[in-house]
Amino acid sequence: MTTLASSTLAIPQNADVPRHVAVIMDGNGRWATRRFLPRAAGHARGVQAVRRVVEACGKYGVEYLTLFAFSSENWRRPEDEVSLLMRLFVQTLEKEVDKLEEQGVRLRVVGDLSAFESRLQTLIHAAEKRTEHNSTLNLTIAANYGGRWDILQAMKRLLRARPDLASDPQAIDEAAFGEHLSMAWAPEPDLFIRTGGEQRVSNFLIWQLAYTELYFTDEYWPDFDVKEIDAAFEWYRSRERRFGRTSAQLAQSR
Ligand code: FPP
Numbered sequence: 016m017t018t019l020a021s022s023t024l025a026i027p028q029n030a031d032v033p034r035h036v037a038v039i040m041d042g043n044g045r046w047a048t049r050r051f052l053p054r055a056a057g058h059a060r061g062v063q064a065v066r067r068v069v070e071a072c073g074k075y076g077v078e079y080l081t082l083f084a085f086s087s088e089n090w091r092r093p094e095d096e097v098s099l100l101m102r103l104f105v106q107t108l109e110k111e112v113d114k115l116e117e118q119g120v121r122l123r124v125v126g127d128l129s130a131f132e133s134r135l136q137t138l139i140h141a142a143e144k145r146t147e148h149n150s151t152l153n154l155t156i157a158a159n160y161g162g163r164w165d166i167l168q169a170m171k172r173l174l175r176a177r178p179d180l181a182s183d184p185q186a187i188d189e190a191a192f193g194e195h196l197s198m199a200w201a202p203e204p205d206l207f208i209r210t211g212g213e214q215r216v217s218n219f220l221i222w223q224l225a226y227t228e229l230y231f232t233d234e235y236w237p238d239f240d241v242k243e244i245d246a247a248f249e250w251y252r253s254r255e256r257r258f259g260r261t262s263a264q265l266a267q268s269r
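Heads up: the sequence shown begins at 16 in the working numbering, then just goes up one per residue.
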């Protein structure tokens, strides 16, 4: 089995610590509103939670951590909040890249980056380049990302690379398609975490979440700490990951 086995084509390896954790960091705005603070304060505190989670995942041996920072749909927010979030990304990248480098973290950003101002795009590329030799933790920030966007761009890239497939669609298979997804280099997430009380996937990695364990917590993202990570990982360990098999088959294969 290859390390990137598709969960629908083969049975991925299973371990106590999730190899890939994907997170929707929700509840920054509500965290702030509850304290009669501007929403910006919640996003700023959200950055501190990102730092805590990156450190803890590195320590626990998680190989891939993917954070949903800005969805394709977040452009619908008031203009001042969008520009605040952009400023926060720029400041965080400028401030944190040295620390990521020290911690052996490889940073990548996925999503349609063409919509971002060129300064931010330049910073992103520089941070990716600077950390590309690291391998302790693969940290991916999904920015202007949407799962449907990803599926469509993968199909476009596949047809551009293999124009012959347009007249032979039967020949299109999961493996050929999957190679063009924006996170083709990562295994599918084992554990998905969403903070803030909502129980939905919100167009995040929708192709890759096919067999991911879904964990929801009412805690707002700025309050998400090591205790919360421990609770999510403990819940993950309690899950029986069958990938379509029966419990009896699973017991036999152990
Ligand atoms: C969702 O909370 C959060 C966001 C849309 C932004 C996430 C950004 C950060 C955590 C900070 C920057 C991160 C990086 C990686 C630099 P919400 O505003 O939707 O909260 P609400 O549902 O309570 O309104």
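We put the CB at the ideal spot given by N, CA and C, even for glycine. The structure presented is a predicted model; accordingly, all values stated were derived computationally and were not measured.
* Using only alpha-carbon positions, find the residue among L167, V112, E117 that is nearest to H140. => It is V112.
* Asked: Between T17 and the rest of its own chain, which residues show a CB-CB distance below 7 Å, the 5 nearest in sequence each way excluded?
  -> Only weak support exists for where T17 lies, its pLDDT of 40 falling under 50; the value from the coordinates is given anyway. The beta carbon of T17 is closer than 7 Å to none in its chain, skipping five residues each way along the sequence.
* Kindly indicate which residue of R54, R121, E70, A199 has the alpha-carbon position closest to the one of P93. => If we check each option's Cα against that of P93, R54 comes out closest.
* To do: Compute the minimum distance between the beta carbon of N218 and the heavy atoms of ligand 1, and state whether it is under 7 Å.
  => No, since every heavy atom of ligand 1 falls outside the 7 Å radius drawn around the Cβ of N218.
* To do: Please report the residue range of the beta strand (DSSP E) in which I156 lies.
  => Run containing I156: 152–160, per the beta strand (DSSP E) assignment.
* Which same chain residues, not among the five before or five after V97, have their C-beta less than 8 Å away from its C-beta? -> Correct list, in chain order: N89, W90.
* To do: Can you give me the Cβ contacts of T146 inside the same chain, cut-off strictly under 8 Å, excluding the 5 residues immediately before and after it?
  => Closer than 8 Å at Cβ, skipping near neighbours: V112, L115, E116, V120, R121, L122.
* Asked: Tell me, which residues are paired with S86 by DSSP?
  -> DSSP lists Y160 as partners of S86.
* **Close Cβ partners of G57 (< 7 Å) along its chain, the five nearest in sequence each way excluded** => Result list for G57: N43, G44, W46, A47, P237, in chain order.
* How about the region 251–269 and the region 62–75: do they share at least three Cβ pairs that are nearer than 8 Å? -> The region 251–269 is not in contact with the region 62–75.
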